[in-house]
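One structure below.
Protein chains: 2
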Amino acid sequence: MKRAVVLLSGGLDSATALAFAQAQGFECFALSFDYGQRHRIELQRAKEQAELRKVGKHVVVNIDLRTFGGSALTADIDVPKDRTEAHMAEEIPITYVPARNTVFLSFALAWAEVLEAKDIFIGVNALDYSGYPDCRPEFISAYEAMANLATKAGVEGQKLTIHTPLIDLTKAQIIQMGLETGVDYAKTSSCYDPSEDGRPCRRCDSCKLRERGFEQLGRIDPLVEQFVKIGG
Amino acid sequence: MKRAVVLLSGGLDSATALAFAQAQGFECFALSFDYGQRHRIELQRAKEQAELRKVGKHVVVNIDLRTFGGSALTADIDVPKDRTEAHMAEEIPITYVPARNTVFLSFALAWAEVLEAKDIFIGVNALDYSGYPDCRPEFISAYEAMANLATKAGVEGQKLTIHTPLIDLTKAQIIQMGLETGVDYAKTSSCYDPSEDGRPCRRCDSCKLRERGFEQLGRIDPLVEQFVKIGG
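From first to last, the protein sequence lines are chains A and B.
First residue of the first sequence: 31, per my numbering; consecutive thereafter.
First residue of the second sequence: 31, per my numbering; consecutive thereafter.
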């Protein structure tokens with residue numbers, strides 16, 4: 031079985047990317063990061079997804095991006111709420127974490143090299159949420175070109191591929207893909223500012239895009255449903 | 031004053047790159063990594079260099095590359111000793127740390143973005159020691175192209191430059207450059223397998239290349255001299 035490293039944040043997108051990679055026949059090695067994010071419930075969800083999916087191994091790497099500051103996700107800056115989609119598309123949001131995907135992919139590359147894996151999966155998406163520079167297809171292509179020069183495998187002529195199965199999909203299409211591959215979305219977390227028990231705020235950009243995705247499919251988000259049931 | 035992020039391992043090369051960047055008029059922000067390296071005296075030397083050079087700030091990021099294994103510098107594998115230079119050039123050495131420079135540059139990129147610095151300095155060298163894939167000029171070029179797509183600054187059309195002032199120099203030329211810019215080489219460490227007090231083994235590839243560099247200049251390495259004096 032071919033091995034792949036899959037970046038697994040515990041969010042909706044990465045859970046779907048993991049399920050997709052497995053459906054493609056890869057033995058998956060899941061990689062998560064404790065980077066001082068305020069939405070730490072993510073890491074619990076990543077662990078649950080890794081267990082549900084019976085991955086080859088799940089590693090959580092500690093990297094403290096708070097050392098550098100500069101993002102609402104890691105620093106003491108308010109997460110924006112109740113923005114319209116037009117507003118979301120206007121500028122690079124304050125929730126952008128400097129060079130985050132570059133850093134994450136670099137660790138994935140290191141692990142892939144040790145595992146002799148030639149495939150990395152990342153659940154970036156350019157369509158629904160184009161504000162992050164490191165979610166764009168041109169960034170991924172440039173990263174792949176660099177990665178093929180960075181490693182032993184590259185020197186030896188073995189091609190490393192960075193797979194972005196969600197990059198052109200709408201949130202609704204991503205959810206559809208996940209439902210077809212059996213993703214349990216109740217065990218994912220997308221909110222930038224959840225309460226301690228994992229209850230989504232339903233007002234940040236990420237919650238709003240997720241909610242719209244489920245709406246477009248005429249479905250209720252099982253995560254929201256779960257909290258409504260227990261009184262919310 | 032223009033700001034630059036300088037990767038500072040505490041070795042001969044990075045100490046020289048830092049001095050060079052300062053001589054070019056940059057306010058330097060030094061970045062070191064605690065990555066579980068067995069040659070931990072490096073980090074002490076990096077701290078000393080940062081202080082000597084009065085950098086804007088020195089940050090040591092903890093990243094545990096031992097999680098992935100696969101290198102003599104981080105895993106329980108013997109460091110090769112007494113190899114000839116022909117042998118060194120033959121293959122990618124076991125002291126290669128998977129994707130190390132890719133990971134290091136990614137953190138430098140994150141910090142540069144927060145500092146609004148447009149310049150990163152890395153003391154890689156392709157000539158004396160061509161065994162590492164991530165020390166080659168084509169890797170650096172590809173990294174720079176990727177970095178310019180990865181960040182806000184890139185999106186806004188501001189060019190980020192990765193400077194490699196040592197890339198084409200021999201070890202002797204690097205030392206010459208450092209002597210001209212006032213580097214104190216007694217406060218650097220290059221050995222892959224030093225004793226706890228920082229005494230170099232003088233037998234690993236890195237020690238041998240360093241020794242030859244000083245020899246070619248007709249000089250004694252002040253680091254070696256220091257240990258000879260105290261009885262070695």
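We put the CB at the ideal spot given by N, CA and C, even for glycine.
query = When you compare only the Cα positions, how much space is there between Asp64 (chain B) and Glu78 (chain B)?
reply = If I take the Cα positions, the gap works out to 15 Å.
ask   = Could one say the Cβ of Thr97 (chain A) lies closer than 7 Å to chain B's Cβ atoms, at least one of them?
value = yes
Distance CB(Thr200 (chain A))-CB(Leu157 (chain A)) smaller than 7 Å = yes
request  = Quick one: using the 10 Å Cβ neighbour count with 16 as the cut-off for buried, is Gly248 (chain A) buried or exposed?
outcome  = exposed
message = Could you check whether the segment 51–66 of chain A touches the segment 80–98 of chain A, counting it as contact only if at least three pairs of C-beta atoms, one from each stretch, sit closer than 8 Å?
response = yes
message = Along the chain, where does the beta strand (DSSP E) containing Val35 (chain B) start, and where does it finish?
response = 33–37
query = If the cut is a Cβ gap below 7 Å, which residues of chain A does Phe137 (chain B) touch?
reply = The CB of Phe137 (chain B) comes closer than 7 Å to the CB of Val133 in chain A, given here in chain order.
inquiry  = Using 7 Å as the threshold, is the C-beta distance between Glu72 (chain B) and Ser44 (chain B) below it?
reply    = no
request  = Tell me whether Glu143 (chain B) is buried or exposed, calling it buried when 16 or more other Cβ atoms sit within 10 Å of its Cβ.
outcome  = buried
ask   = In chain B, which residues lie less than 8 Å from Arg166 (chain A) when you measure between Cβ atoms?
value = Chain B residues near Arg166 (chain A): Leu179.
query = Along chain A, in chain order, which residues have C-beta atoms closer than 7 Å to that of Val89 (chain B)?
reply = Thr97
key: Lys84 (chain B) (DSSP reduced to helix, strand or coil)   = coil
task = Could you check how far apart the C-beta atoms of Ala51 (chain A) and Phe151 (chain A) are, in whole angstroms? I think they sit under 8 Å.
result = 5 Å
message = Assuming contact is defined by CB atoms lying nearer than 7 Å, are Ala34 (chain A) and Asp149 (chain A) in contact in what I supplied?
response = yes
ask   = Should the segment 168–178 of chain B be called in touch with the segment 172–182 of chain A, which here means at least 3 C-beta pairs below 8 Å?
value = yes
request  = Over the uninterrupted alpha helix (DSSP H) stretch that includes Ile205 (chain B), give me the two end residues.
outcome  = 201–210
task = Answer with buried or exposed for Ala76 (chain B), where buried requires no fewer than 16 other C-beta atoms within 10 angstroms of its C-beta.
result = buried
request  = Going by DSSP, name the residue or residues bridged to His193 (chain A).
outcome  = A:Phe151
message = Can you find the residues in the same chain that come closer than 6 Å, C-beta to C-beta, to Ala147 (chain A), ignoring five residues on each side of it along the sequence?
response = Arg33, Ala34, Val35
task = Could you spell out where the beta strand (DSSP E) holding Cys234 (chain A) opens and where it closes?
result = It is not in any beta strand (DSSP E) - Cys234 (chain A) carries neither H nor E in the DSSP assignment.
inquiry  = Need the endpoints of the beta strand (DSSP E) that Ser62 (chain A) sits in, please.
reply    = Going by DSSP, Ser62 (chain A) is part of the beta strand (DSSP E) stretching over 57–64.
CB contact check: Ala175 (chain A) to chain B, cutoff 7 Å = yes
inquiry  = For chain B, check one thing: does any of its Cβ atoms lie closer than 7 Å to the Cβ of Val268 (chain A)?
reply    = Chain A is shown only over 31 to 262; residue 268 (chain A) falls outside these bounds and no answer can be derived.
task = Can you tell me which of B:Ile204, B:Gly243, B:Lys189 puts its alpha carbon nearest to the alpha carbon of Pro195 (chain B)?
result = B:Ile204
message = What does the Cβ neighbour count give for Glu245 (chain B), buried or exposed, with the cut at 16 atoms within 10 Å?
response = Its Cβ having fewer than 16 others within 10 Å, Glu245 (chain B) is exposed.
task = List the residues of chain B that Phe59 (chain A) touches, going by C-beta distances under 8 Å, in chain order.
result = Near Phe59 (chain A) there are no residues of chain B at all, since even the closest Cβ is about 10 Å away, more than 8 Å.
ask   = List, in order along the chain, the chain B residues whose C-beta lies closer than 7 Å to that of Val154 (chain A)?
value = None at all; the shortest Cβ gap to chain B is about 12 Å.
ask   = In the DSSP assignment, what residue or residues form a beta bridge with Lys111 (chain A)?
value = Secondary-structure assignment with DSSP links Lys111 (chain A) through a beta bridge to A:Cys234.
query = To which residues of the same chain is Asp164 (chain B) closer than 8 Å at the C-beta, ignoring the five residues directly before and after it?
reply = Ala129, Arg130, Asn131, Thr132, Val154
query = Taking buried to mean at least 16 other C-beta atoms within 10 Å of its own C-beta, is Val258 (chain B) buried or exposed?
reply = exposed
query = For Ala216 (chain B) versus Leu190 (chain B), is the C-beta spacing smaller than 7 Å?
reply = Ala216 (chain B) places its beta carbon 7 Å or farther from that of Leu190 (chain B).
request  = Output, in chain order, the set of chain B residues within a Cβ distance shorter than 8 Å of Ile71 (chain A).
outcome  = By Cβ distance, chain B contributes nothing, its closest Cβ being about 23 Å from Ile71 (chain A), past 8 Å.
inquiry  = Taking DSSP's pairing of strands, which residues face Asn92 (chain A) in a bridge?
reply    = A:Asp64, per the DSSP bridge assignment.
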